[in-house]
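Enquirer: Residue numbers (my numbering): 21 to 400.
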Ligand SMILES: Cc1ncc(COP(=O)(O)O)c(C=O)c1O
C-alpha cells in the first residue's frame, strides 16, 4: 500500500517536493518583493500610477504595439480582447479546439461577452487548417448567421505541450484574416517562452496579430498580472471594458513593479526551464516504456506532456503515486503534476525548480514508470 503523504508534514522531513503542476505556482523573487516595497504608486484609474505607466510603456515597446494595458490575469486579458473586437451583438470568434479561451476560461466569451465560438481542430503543433479557416469565416452572413469578428491563436500552445507555433503560419492566418477584414488576437500567455525558444524579439512574434496578451505570473514569476497590447484605439476601448469588469486598478504599482523586474531578469532565464523540461522528457523516453510515452519533438519550452495507456493506468492513481514517497523508495521525492485528460499528465517548469529538483524528479518519475511496467508485465 502507499504511504499516505501530507504535504505540510513532508516539507520538514528531508523529502523534496517538486511541484510541477503549473508555472503559475512560481512565487515572486526576492528582487520582486523589494521592488514591490519601493514602488511609486498613484491611482491607476486616473492613469496616475507611475509604475503601472512605466510597465505599460515598456511592454508596448517590447511588443511593437502602440499601447499596452496591465490586467489582473490572462483570462481577463483574453476576455477584454474578445469584448472589444466582438462588440456587435451576434458576433462569433474562431478558435482552435484546444485553445485556452475555448476550453479553460469557463466559457466566459459566451456567458460574459455573449460571443459565439466556432472551432477548428488544432493540429499537434498548435496550428489549425487555413483551408478550414477560410471555410469557417462567414463572408456575407445572412440573418441566420453570426458575424465572424475575431480569430484567436495561442503561442506557446498549452494543450499542445508548450509548442511554439510557426511564424509562417501566423503570417498566413493574418493574411486570410486581412482578406476579410477580421482582427487576430494572440493568447500569448507564454509567448516569452516562444520568443526565447526562437531567439527573436517578442515584437517579431506578434508582428502579424492585431492584439496580444502575455502573462507576468507564469514562467516570469510575478505574483499576479498579464499585459494586453494593441493599437491606441483598441487599448482605449479595452480600458473601458476592464473598468466595467471591475478590473480598474488603484495603487497597482506594487503589483506592476515585479513586472518590470521580470522583464529585466526573468525572460532570458526561461531557457533554463526549457532545458529542464527536455531533461524530464528524455528521462521518460529513456525508460522505453510501452505504457508511458513522450514525444521529444514537441518539448520545445517549459511543458512536458506524458501520455499513458489509459486502459491499464488510472491517471489519479498515477498522480498519487508520483506524489507519494514510500519507505521502500530510494528517491525521497514527491513529484506533483496536473492531468490534462484521462491519458495525459503535464509537468511544467519554472524558476524555483532547480537542477537538483529536476534530477530528483527524473529519478522519481523513472522509478514509478518502472514500477508500473513491472506490475503490468506480470499482470497484477
Ligand atoms: C494559454 C493560456 N492562456 C491563458 C491563461 C489564463 O491565465 P490566468 O491564469 O492568468 O487567467 C492560461 C493559464 O494557464 C494559459 O495557459
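Beta carbons: idealized from backbone N, C-alpha and C, even for Gly.
Note that this is a predicted model, so its numbers are computed, not measured.
List in chain order: all unbroken alpha helix (DSSP H) runs of 4+ residues lying wholly within the stretch 125-172.
Expert: 128-131, 150-156
Enquirer: Buried or exposed: where does residue 134 fall if 16 or more other Cβ atoms within 10 Å of its Cβ makes it buried?
Expert: Residue 134 is exposed by the Cβ-count criterion.
Enquirer: Measure the CB-CB distance between residue 95 and residue 125 and report whether it falls below 8 Å.
Expert: yes
Enquirer: Could you tell me the alpha carbon to alpha carbon distance between residue 88 and residue 252, rounded to whole angstroms?
Expert: 8 Å
Enquirer: Please list, in chain order, all residues of the same chain as residue 191 whose beta carbon is under 7 Å from its beta carbon, the five residues on each side excluded.
Expert: 228
Enquirer: Would you report the Cα separation of residue 330 and residue 172, rounded to the nearest angstrom?
Expert: 31 Å
Enquirer: Leaving out five residues before and five after residue 267 in sequence, what residues of the same chain have Cβ atoms less than 7 Å from its Cβ?
Expert: Cβ neighbours of residue 267 beyond the five flanking positions: 91, 92, 96.
Enquirer: Is there at least one non-hydrogen atom of ligand 1 closer than 7 Å to the beta-carbon of residue 94?
Expert: Under cutoff, so the answer is yes.
Enquirer: Using 8 Å as the threshold, is the C-beta distance between residue 248 and residue 101 below it?
Expert: yes
Enquirer: Taking just the CA atoms, how far does residue 218 sit from residue 403?
Expert: Nothing in the structure corresponds to residue 403, since the chain is present only between 21 and 400.
Enquirer: Threshold first: 4 residues or longer. Then list the alpha helix (DSSP H) segments lying entirely within the stretch 70-101, N to C.
Expert: 70-83
Enquirer: Do you know how far the Cα of residue 54 is from the Cα of residue 461?
Expert: Past the edges of the chain, shown from 21 to 400, lies residue 461, and the structure says nothing about it.
Enquirer: What whole-angstrom Cβ distance do residue 277 and residue 71 have, given they're in contact under 8 Å?
Expert: 5 Å
Enquirer: Terminal residues of the continuous alpha helix (DSSP H) containing residue 211?
Expert: 211-218
Enquirer: Identify whether residue 297 lies in helix, strand or coil by the three-state DSSP scheme.
Expert: helix
Enquirer: What does DSSP give as the partner residues of residue 368 in its beta bridges?
Expert: 323
Enquirer: Please classify residue 370 as buried or exposed, where buried requires at least 16 neighbouring CB atoms within 10 angstroms.
Expert: buried
Enquirer: Use the C-beta contact count for residue 12: other C-beta atoms within 10 angstroms, 16 or more gives buried, fewer gives exposed.
Expert: Examination of residue 12 is not possible in this model, given that the chain is present from 21 through 400 alone.
Enquirer: What is the DSSP secondary structure of residue 44, counted as helix, strand or coil?
Expert: helix
Enquirer: Starting from residue 316, follow the beta strand (DSSP E) in both directions and report where the run begins and ends.
Expert: Where residue 316 is concerned, there is no enclosing beta strand (DSSP E), given that its DSSP letter is neither H nor E.
Enquirer: So for residue 361, helix, strand or coil by DSSP?
Expert: If DSSP states are grouped into helix, strand and coil, residue 361 belongs with the strands.
Enquirer: For residue 259, count the other beta carbons within 10 Å of its own beta carbon; 16 or more makes it buried, fewer makes it exposed. Which is it?
Expert: With 16 or more Cβ atoms within 10 Å of its Cβ, residue 259 is classed as buried.
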